Amino acid sequence: MSDEFTGPPWAADWTKLAAEYRDALPARVRDLINDAVIDLITCRHPYRDDGLDLTKVSIEPVRSTEPRGAHILYFDHGHGWLRYTFVHRTAEPQIIIESLFWQ
1250 MSDEFTGPPW
1260 AADWTKLAAE
1270 YRDALPARVR
1280 DLINDAVIDL
1290 ITCRHPYRDD
1300 GLDLTKVSIE
1310 PVRSTEPRGA
1320 HILYFDHGHG
1330 WLRYTFVHRT
1340 AEPQIIIESL
1350 FWQ
């Protein structure tokens, strides 16, 4: 292990249910989801909105009492969201997308 800072782009993984739901959506929606996830994995910190294109996405914690817990990323002007956690490890920090919804 090294003490070197590991930063963006962050690794991202999907739970099986979230990936299945994403894959069942229309191609146009999958493109919106991919754009939102790309914004998330390339931002400076996945729990703050610095570096995000706020015209396309926004984020907030699921519970205000747990600012380092799960967060929600809104996309498509609030028509869709995904819930994710950020596992901040020294080696390979990772974003885990737990659930997805679009209407």
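Residue numbers (this note's numbering): 1250 to 1352.
Just so it is clear, CB atoms sit at the ideal spot from N, CA and C, and this is done for glycine as well.
Keep in mind the model is a prediction, meaning the values are calculated, not measured.
When only Cα atoms are considered, alanine 1267 and glutamine 1343 end up about 16 Å apart.
Scanning its chain for C-beta atoms nearer than 6 Å, with the 5 sequence neighbours on each side dropped, one finds around valine 1278 the residues Trp1351, in chain order. In this model, tryptophan 1259 and arginine 1293 are separated by some 9 Å (Cα to Cα). DSSP places leucine 1274 outside any alpha helix (DSSP H), giving it a letter other than H or E.
Proximity to serine 1348 across Trp1263, Gly1256 and Pro1257 peaks at Trp1263, based on C-alpha coordinates. In the three-state scheme derived from DSSP, where H, G and I count as helix and E and B as strand, valine 1311 is classed as coil.
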